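J.: Handing you a structure now.
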Amino acid sequence: MKQGFYISKALTVACVFLAVIGIVIIISLVVVYSEERAKNEDNTVTPIQSSRPSTSTTLWTTTSTAMSTSQPKKPWNYIRLPKTLIPEFYNVTLWPRLTQPINGMYIFTGNSTVKFTCKETTNVILIHCNMLNLTVFNGHRAVLTAGDGANPPAIINSWWEKDTQYLVLQLQGELQAGKSYSLFTEFTGELADDLTGFYRSEYTEDGEKRIIATTQMQPTDARKAFPCFDEPALKARFSFTVIHEPQFLALSNSPLAETKQLIIEGITWNVSKFEETEIMSTYLTAFIVCDFANVEVVEENILVRIWARKEAIYKGHGNYSLKAAASILNYLETYYNISYPLPKSDQIAVPDFNFFAMENWGLLVYHENGLLLDPNDSSTQNKEAIVLILGHELAHQWFGNLVTLKWWNDLWLNEGFASYVKYLGADFVEPSWSIKDLFVVYEVHYVFGVDALPYSRPLSAKEEEINTLEDINGVFDAITYSKGAAVLRMLSSFLTEDLFRKGLSSYLKAFQFRNTVYLDLWNHLQQAVNEQQNIQLPTSISDIMNHWTRQMGFPLVTFNTTSGEISQKHFLLDPKAIVKRTSEYNYTWHIPISWMKSGNLQPLGWLLNKSETKLELKVTGAEWVLANINVTGYYRVNYDMQNWERLLSQLQRDHSIIPIINRAQIISDAFSLAQADYIPIMLALNTTRYLSKDTEYIPWTSALENLKHYFLMFDRSEVYGPIQAYLRKQVHQLYEHFENITENFKEIPSALTAQYSQRVAVWIACEHGLKKCRDLASRLYKRWMDKPSANPIHPNLRSLIYCSAIASGGVEEWDFGWKMFRNTTFTAESDRLRYALSCAKEPWLLNRYLEYSLNQEYIRKQDSISTISYIARNVVGQSLVWDFIQSRWETLFNNLSSSGRTMNTLALVWQHRLFPWLWREPDQISSG
């Protein structure tokens, strides 16, 4: 085989596109800097007097001389607040106008009083504030009072520091250490549709446009709703009051204390006051004004409610989530051995939300797809997604909310833990699903592809390394969520789950209502180990786990069954790549080795150095060694060639001897090793030969995720035909298996993974030209076209059948799909159709769809980028998307900015949805 590789047009498009993103960012920064510098002439600050709030990123027109880079930084130039002031209590009133736009703009007004204690003498007050117009009192934008009634130092200067988003108040004298003070501000802000801070969401019900006000504060947008000390360690209690029209209701983190009516300028308003919260971080605050309905249940004295659009609630779309949420809360109380600390848990589905969910304490916000389930039109994948998302967000109520990270460098501990525990909660709700087995393909194999790159990063950064707002946003990535979950699962596995839970419960009890760093968890787990006599570790938990959290990447562990040697090496997909990040551990890990010999499980071992020969690995005859059983360890595995061949022979002879998860692991490891030139590509391809005999989903999806890479590379080459023919041959038996047991796909199997295997069979067969599959899809879709009120396609198969029928059809099929997309009010069905419409083969239809993607009357702003990415996955659409991006870049860029998406988010969307080997269909999205 010739050395080198082929780059397809799609990959070239993606790479050039990401390069354009970088250029645009640089140009934008230069332009903004030039504009700001042009404004800087003297040292005065002029407040904006207009009653209309600013729609730009500034609060005031600043006219100060640019600071020389040689001058020392002032406190307001640092992203971290000084440790001089500690908040204790906020009293916040907010008044959103949902039916009275001013010059087309929806606004909110409000005021806030924050009580704080001075810990160190200071003559400067810094408090976060962004996108708010502040009322001027006696020439300044705040009123300062002293807790003891004495006169506080006078405010002599105030301004907004744009880069760090501080309201800066310079004082004539000093605040005294140990004394309490209060700061009052009054403000106006815009209820924009940017999906951050306090924002508005719109939807249509009964032909009428409806508007709600909702929140998304994490990580740094509470400051867009009210001035606050917006860092996770600066916890306080909050008292929220919301003024709203009587036809709406208000929700917040704590229960409603009372509602009174108030007449203002002849108009009646409701004033909803909420009980004081527990001590909590600003990023967890939430307040929502809406006209929603709810279903509720009281479970162990906890009020659990599901809120959503009235139509959805009345149709029963919240019933499954209600049952699941109550069940998961009950499970987690037992798991943590700590009672749920609040009297209620509200879950609310909002139409416009940039994420799948947010864990606000007591008022959790979800994308509609993450909470609502139509009992008639939802797929099993929708149900799985809901129970996993609920598990993730409810896990945070203790781990993240009750005990909170000190700074964003330890975000992985919050999100990684929730990403692990969600599978335990989901398994409790749906024990027949065996959903914990899917962890490996959903989390581990996925993040391996990211963490094997030379520019990956460690799980845990030093505090000082997260020193810009961009740094904070940047840690919300696959490393934080999926790698964090994988290493915690590994830790739980070698400790045992019971011991892991014991240490975890001790940690939560010790630090409740406080903040921690990850070392605190290691210490409590070590205490649990020390109290347990029957577990032996080679070194301390801190020493073991720091190797996994404080250096990037993961090891490749090689097992030589001839010499009996085990060795480790930092695994990179490109072994020749230069890793610029140094490691204090020289890229070695303390690795738990689980393994079996010819189907017999062996005792757990450890690899602490670069190589060891302690395990009895040598085999004879047809014996084989299989390592990393059920992939509980966060590493890839390689073998000597003889052992590889014996494993492949075992798969062909009787694949059931090898555990299901390890069958997927063999395929995934082999393809990655081939990409990195450790083994021949033919060996990797041979791992898929046995699949014609396997009906299990996990090995099949592992094969597809890896083969999609080759679909992309060769989609226009002469070898694409043979690849399709091979896949048709391999899937034929799987397709016929489900064709027979489901009466030609009229039914679905009972087991979860069998349902997913059925989807795999239909997808491969239809996508790669099995005639009877394409005929089936066209026939079912035509029956639906003939009778739109009676869809004959099972929800599990809809996205696949729709896609195949639209791809095989023409304008009539596309127009019908578009009509159904426009008419449905169920988000999951909307998403299936939105994806399927991208499968068309007519360029003019795809070009029309691209234009629709930027029209908010047709497609929600939050969905425009994913729609474009779906089209880019289509071979016909690749060049169309590239032309579209070039011609509509300004609109696309503005859409991105105004919807709260960052360039980092776009890059992730592009990577995960355009690159087919990382792409999942709408029904396969499983976590929030």
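Numbering (this note's numbering), first residue to last: 139 to 1066.
Glycine included, every Cβ here is placed at the ideal spot set by N, Cα and C.
Remember, predicted model here, so these are calculated numbers, not experimental data.
What number of angstroms, rounded off, separates the C-alpha of R972 from the C-alpha of S1002?
T.: Roughly 10 angstroms separates the two Cα atoms.
J.: Apart from the five residues on each side of it in sequence, which residues of its chain come closer than 6 angstroms, Cβ to Cβ, to H870?
T.: The answer is none, since no qualifying residue turns up.
J.: How many angstroms separate the CA atom of E414 from the CA atom of R375?
T.: Answer to the nearest angstrom: the Cα atoms are 7 angstroms apart.
J.: Does the Cβ-Cβ distance between I466 and L422 come in under 9 angstroms?
T.: Against a cut-off of 9 angstroms, the Cβ pair of L422 and I466 comes out as no contact.
J.: Helix, strand or coil for F322 per DSSP?
T.: In this structure, F322 counts as strand in the three-state DSSP scheme.
J.: Cα separation between W982 and D913?
T.: Computed Cα separation, rounded: 24 angstroms.
J.: Is it right to say E602 is buried, meaning 16 or more other beta carbons lie within 10 angstroms of its own, or is it exposed?
T.: The residue in question, E602, is exposed, as its Cβ has fewer than 16 Cβ neighbours within 10 Å.
J.: Use the C-beta contact count for G500: other C-beta atoms within 10 angstroms, 16 or more gives buried, fewer gives exposed.
T.: Per the 10 Å Cβ criterion, buried.
J.: Rounded to a whole number of angstroms, what is the C-alpha to C-alpha distance between L935 and S888?
T.: When rounded, the distance between both Cα atoms is 15 angstroms.
J.: Grab me the residues of T839's own chain with a C-beta within less than 8 angstroms of its C-beta, minus the 5 sequence neighbours each way, in chain order.
T.: Correct list, in chain order: V579, A802, Y894 and V898.
J.: Could you tell me whether the region 650-662 touches the region 582-593, where touching means 3 or more Cβ pairs closer than 8 angstroms?
T.: At 8 angstroms Cβ cutoff, the stretches do not touch.
J.: Closer than 7 angstroms by C-beta to H455: which residues in its own chain qualify, once you throw out the five before and the five after it? Chain order, please.
T.: If we look at H455 and ignore the five residues flanking it on each side, its Cβ neighbours are A446, L510, L511 and D512.
J.: Can you give me the Cβ contacts of T542 inside the same chain, cut-off strictly under 6 angstroms, excluding the 5 residues immediately before and after it?
T.: The answer, listed in chain order, is P370, S419 and N653.
J.: Leaving aside the five residues before and after E324 along the sequence, list all residues of the same chain whose C-beta is less than 6 angstroms from its C-beta, in chain order.
T.: Contacts found: N249 and T273.
J.: Please report how far the alpha carbon of P225 lies from the alpha carbon of N276, in whole angstroms.
T.: So the two alpha carbons sit approximately 24 angstroms from each other.
J.: Ignoring anything shorter than 3 residues, give me the beta strand (DSSP E) runs that lie fully in the region 701-745, in order along the chain.
T.: Fully enclosed beta strand (DSSP E) runs of 3 or longer: 704-708, 729-731, 733-735 and 743-745.
J.: Please state whether the Cβ-Cβ distance between F697 and F709 is less than 9 angstroms.
T.: Their beta carbons are not under 9 angstroms apart, which means F697 does not touch F709 by this criterion.
J.: What does the alpha-carbon distance come out to for the pair P617 and P926?
T.: The displayed chain sequence assigns Ile, not Pro, to residue 617. Each residue's alpha carbon lies about 44 angstroms from the other.
J.: Put G500 into one of helix, strand or coil per three-state DSSP.
T.: Three-state DSSP puts G500 in coil, outside helix and strand.
J.: Looking at the structure shown, is Y987 part of a helix, part of a strand, or coil, going by DSSP?
T.: In this structure, Y987 counts as helix in the three-state DSSP scheme.
J.: Examine the Cβ distances between the region 252-270 and the region 306-321 and report whether three or more of them are shorter than 8 angstroms.
T.: Yes: at least three Cβ pairs fall under 8 angstroms.
J.: One question on the structure: do E497 and G538 come within less than 9 angstroms of each other, judged by their Cβ atoms?
T.: Against a cut-off of 9 angstroms, the Cβ pair of G538 and E497 comes out as a contact.
J.: Would you mind sorting A424 into buried or exposed? The rule is 16 or more other CB atoms within 10 Å of its CB.
T.: A424 should be labelled buried.
J.: Is R627 buried or exposed, if buried means 16 or more other CB atoms sit within 10 Å of its CB?
T.: Flag for R627 reads buried.
J.: Assuming I350 and V488 form a contact by the criterion Cβ under 8 angstroms, report the distance between their Cβ atoms to the nearest whole angstrom.
T.: 7 angstroms between Cβ atoms; contact.
J.: Please confirm whether N1012 and A978 have their CB atoms less than 9 angstroms apart.
T.: Contact: yes.
J.: Specify the secondary structure class of W546 as computed by DSSP and reduced to three states.
T.: Helix at W546.
J.: Alpha carbon to alpha carbon, what distance is there between V442 and Y835?
T.: Rounded to the nearest angstrom, the two C-alpha atoms are 35 angstroms apart.
J.: Check each candidate in Y478, S631, S410 and V427 and name the one with the smallest Cα separation from E438.
T.: Nearest C-alpha to E438: Y478.
J.: Could you tell me the alpha carbon to alpha carbon distance between V559 and Q485, rounded to whole angstroms?
T.: Answer to the nearest angstrom: the Cα atoms are 19 angstroms apart.
J.: Find the nearest neighbour of F883 within the set Q303, L938, R866 and P837, judged by alpha-carbon distance.
T.: Minimum Cα distance to F883 is reached at L938.
J.: Rounded to whole angstroms, what is the Cα-Cα separation between D575 and G563?
T.: Taking the straight line joining both Cα atoms gives about 13 angstroms.
J.: Express the C-alpha separation of A814 and N768 in angstroms, rounding to a whole number.
T.: For N768 and A814, the distance between alpha carbons rounds to 23 angstroms.
J.: First and last residue of the alpha helix (DSSP H) that includes V1013?
T.: V1013 -> no alpha helix (DSSP H), and no H or E assigned at all.
J.: Helix or strand or just coil, what does DSSP make of E601?
T.: It is helical.
J.: What do you reckon, are the CB atoms on I293 and Q308 nearer than 9 angstroms?
T.: Closer than 9 angstroms, so yes.
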